[in-house]
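Encoded as structure tokens, the structure appears first; notes follow it.
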Amino acid sequence: MKAKVLVILTILLFLVLLILFTTGTPPKKLAVQSSSGEKSGGTLIVGISGDIDSFNPLFNESAMAREITHLVLLGLADLDENMEFKPELAVSWEYSKDQRHLTYHLRKNARWSDGLPVTAEDVKFTYDLLQDTSVASPNQSVAEFIEEVIVKDSFTVVFRFTHPYPNQIYDTAGEILPKHFLENANRKTLRNHFIGRNPVANGPFTLKKWISQQYIELVANPSYFGKKPLLDRIVFKVISNNTNLLNQLKTNEIDMVIGVPPEEVSQIKSSNSSIKIYPVSGRLYHYVGYNQKNPLFKSAQVRQALTMGINRQEVIEAMLYGFGRICIGHMPPMIAWAYNNDIKPLYHNISQAKRLLSEAGWSDSDGDGVLDKNGKKFEFDLKINTGNQLKTDVSVVIQNYLQQMGVKINIKSMEWSAYLGDLRQGNFDAHLGAWSTSLYIDPTPIFHSSATNLFNWVHYSNSKVDRLIEIGREEMDLEKAGKIWKEFQEVVYEDQPYTFLYWIDRIIAVNGKFKNVNPIPLSAFYNLEEWYIDPDRKQLTLN
Numbered sequence: 002m003k004a005k006v007l008v009i010l011t012i013l014l015f016l017v018l019l020i021l022f023t024t025g026t027p028p029k030k031l032a033v034q035s036s037s038g039e040k041s042g043g044t045l046i047v048g049i050s051g052d053i054d055s056f057n058p059l060f061n062e063s064a065m066a067r068e069i070t071h072l073v074l075l076g077l078a079d080l081d082e083n084m085e086f087k088p089e090l091a092v093s094w095e096y097s098k099d100q101r102h103l104t105y106h107l108r109k110n111a112r113w114s115d116g117l118p119v120t121a122e123d124v125k126f127t128y129d130l131l132q133d134t135s136v137a138s139p140n141q142s143v144a145e146f147i148e149e150v151i152v153k154d155s156f157t158v159v160f161r162f163t164h165p166y167p168n169q170i171y172d173t174a175g176e177i178l179p180k181h182f183l184e185n186a187n188r189k190t191l192r193n194h195f196i197g198r199n200p201v202a203n204g205p206f207t208l209k210k211w212i213s214q215q216y217i218e219l220v221a222n223p224s225y226f227g228k229k230p231l232l233d234r235i236v237f238k239v240i241s242n243n244t245n246l247l248n249q250l251k252t253n254e255i256d257m258v259i260g261v262p263p264e265e266v267s268q269i270k271s272s273n274s275s276i277k278i279y280p281v282s283g284r285l286y287h288y289v290g291y292n293q294k295n296p297l298f299k300s301a302q303v304r305q306a307l308t309m310g311i312n313r314q315e316v317i318e319a320m321l322y323g324f325g326r327i328c329i330g331h332m333p334p335m336i337a338w339a340y341n342n343d344i345k346p347l348y349h350n351i352s353q354a355k356r357l358l359s360e361a362g363w364s365d366s367d368g369d370g371v372l373d374k375n376g377k378k379f380e381f382d383l384k385i386n387t388g389n390q391l392k393t394d395v396s397v398v399i400q401n402y403l404q405q406m407g408v409k410i411n412i413k414s415m416e417w418s419a420y421l422g423d424l425r426q427g428n429f430d431a432h433l434g435a436w437s438t439s440l441y442i443d444p445t446p447i448f449h450s451s452a453t454n455l456f457n458w459v460h461y462s463n464s465k466v467d468r469l470i471e472i473g474r475e476e477m478d479l480e481k482a483g484k485i486w487k488e489f490q491e492v493v494y495e496d497q498p499y500t501f502l503y504w505i506d507r508i509i510a511v512n513g514k515f516k517n518v519n520p521i522p523l524s525a526f527y528n529l530e531e532w533y534i535d536p537d538r539k540q541l542t543l544n
């Protein structure tokens, strides 16, 4: 009997060791209930559709890479849910009277995961790398207006700028690299340096294992200056097939997915009632841009009528399944201090739209169902790019809406490079486009009359808008800048160079056993250190 028990125990031990030491497979969950009632411990498994490029912030080129990197490497400051900067490696900062110097005071208890302190030398070194053309960082433009970085002492660093401008903190608060690890590295080949795959951490988590195209495993960083994360580890599991990704969410093989397609939400919720959906305000909007060199679109009154002819809320409900909001301009709602909540959208109103067109001289004189004026039909081509089903569907809906008021649209689908080429050359009547907006408020490339060689493809021109842009992008006082940008939105919305369609929500799905989850527009992993597993549903995880 004892021999049998010994054999069984040996087999069980072998199986456990096999699980522990098998590589190439993410940590597996074992359904063993915890009776401790404690919040600490456990694993979050996040499904991602593709691997990241690097943990080196100089070379992060995808949003997911930046979000994951920020769990390991902190910056001097970061934006919170109110779009206000909060301390990270810096405890405070102040501007000089001439607005050309920004001084940061660093934490004295921040350490790298190898035990060495984070100092002002690391900050200066990071920005020296960023400015070095031999490094060839794709993010080099961030340092364009930084004239010098001065180390005052071990925990005080000063940025001197070429001129005052309101985005100084955005340009200087980014993730910091360890000088002692990189100072002797070949800068020309820094992109391939091993630190990109084996980062030295200063944040709440550190890298334990990374198997390319399979998974990335982070664990709590024992050297972190802040509170220890409640979760033991975070696993990012690469699942390139979107169907498999969502299926694994439904079957609890993974706990979280970022960027759930709106049309999948209902099915996910019905198949797994424990999954919670977190829609957060996105920075991507779709629009119809009208080429104002075309006589059809020279009148703001006509452009207003076209906007009123489209039921944007109905489009949001039908095409986005409710996960969006009507767009009134280029300013994302998340930038609350600059967003104009007082603007009332031009709601769907066919009779009012027809009246505006009639006042502009358009009528159906020959009874063929299409408006005409001076012998010219109100007919135009709407160009869209192929490969985007949402745009394709929305273009048909817009075509049907405007047909009801006597406007004929011919949809022209084009391969992306040809579509973009036509926009740049002004070879279009109207186009269905999208902008992913920046946190930097500077609409110059899109709405300034001088920017037709950039992204002002519709040839929009308004001297008042030009002036508001010019003073707004230089205004250092936040309250004054907010008033300027709100007026800018009012004028542009009155002009309707675009029919601003809708903002698209970013949809995040998380298993409901995780508590304290609070995704924000800038990060799905906001306050991740405070997430925990419901003690009644906690499972042990082998690694």
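Under this note's numbering, the first residue of the sequence shown is numbered 2, with each subsequent residue one higher.
Using N, Cα and C, we set each Cβ at its ideal position, and we do this for glycine too.
None of the values given here were measured: they were computed from a predicted structure.
Can you check whether the CB of Leu523 is closer than 9 Å to the CB of Leu80?
yes
Would you grab the beta carbon distance between Arg507 and Gly325 for me? Rounded to a whole angstrom, and I think it's under 8 Å.
Not really, about 10 Å apart at Cβ, beyond 8 Å.
Work out the CA separation of Ala339 and Phe56 for me, nearest whole Å.
33 Å
Bridge partner(s) assigned by DSSP for Phe374
The residue you asked about is not Phe; residue 374 is Lys in the sequence shown. Answer is Lys377, bridged to Lys374.
Whole beta strand (DSSP E) runs in the region 176-223 with 3 or more residues, listed along the chain?
206-212, 216-221
Residue(s) in a DSSP beta bridge with Gly325:
Ile505
Name the residue from Asp256, Thr445, Tyr503, Val371 whose alpha carbon lies nearest to the alpha carbon of Gly43.
Asp256
Could you tell me which residues DSSP puts in a beta bridge with Arg161?
His102, Glu149
Short of 8 Å in beta carbon distance, which residues of its chain neighbour Asp129, apart from the five on each side in sequence? Order them along the chain.
Val150
Give the C-beta separation of Glu176 and Leu75 to the nearest angstrom, bearing in mind that I take them to be a contact with Cβ-Cβ under 8 Å.
7 Å
I'd like the span of the beta strand (DSSP E) that includes Thr44, first residue to last.
44-49
Taking one C-beta from the region 495-505 and one from the region 283-292 each time, how about it: are there three or more such pairs within less than 8 Å?
yes
Looking at Val398: is its Cβ nearer than 9 Å to the Cβ of Val316?
yes
Would you tell me roughly how many angstroms separate the C-alpha atoms of Glu82 and His331, rounded to the nearest one?
20 Å
Alpha helix (DSSP H) runs contained entirely in the region 451-523, provided each spans 4 or more residues
464-473, 479-496
First through last residue of the beta strand (DSSP E) which encompasses Ser414
409-415
Count the other CB atoms within 10 Å of the CB of Ile534; is the residue buried (16 or more) or exposed (fewer)?
buried
Find the nearest neighbour of Phe456 within the set Arg468, Lys465, Ser464, Asp443, judged by alpha-carbon distance.
Asp443
Give, in chain order, every unbroken run of the beta strand (DSSP E) that is at least 3 residues long and sits entirely within the region 249-284.
257-259
For the alpha helix (DSSP H) containing Asp123, list its first residue and its last residue.
121-132
Do you know offhand how far Gly422's Cα is from Lys378's?
27 Å
Relative to the alpha-carbon of Asp233, which residue among Lys374, Thr244, Phe206 has its alpha-carbon at the smallest distance?
Phe206
According to the neighbour-count rule (16 or more other Cβ atoms, all chains shown, within 10 Å of its Cβ), is Asn199 buried or exposed?
exposed
Which of the three DSSP states is assigned to Val73 in this structure?
helix
Opposing strand residues paired with Asp79 [DSSP bridges]:
Lys87
Just to confirm my understanding: we take Phe156, look at its own chain, exclude 5 residues before and 5 after, and list those with CB closer than 7 Å. What are they?
His106, Leu107, Lys109, Thr120, Ala121
Using a Cβ-Cβ cut-off of 8 Å (strictly less than) and excluding sequence neighbours within five positions of Leu383, which residues of its own chain qualify?
Val289, Ser396, Ile399, Gln400, Ile410, Asn411, Ile412, Lys413, Asp430, Ala431, His432, Leu433
Would you mind working out which of Leu391, Pro520, Leu347 sits nearest Leu529, comparing C-alpha positions?
Pro520
Check for me: the beta strand (DSSP E) holding Ile235 runs from which residue to which?
234-239
With a threshold of 8 Å, are at least 3 pairs of Cβ atoms found where one atom belongs to the region 125-140 and the other to the region 174-194?
yes
Ignore the nearest five residues each way along the sequence and tell me which others in Thr24's own chain have a CB closer than 6 Å to its CB.
Annotation note: pLDDT 44 at Thr24 (below 50); position unreliable, no value reported.
Whole-angstrom distance between Pro498 and Ser366, CA atom to CA atom:
28 Å
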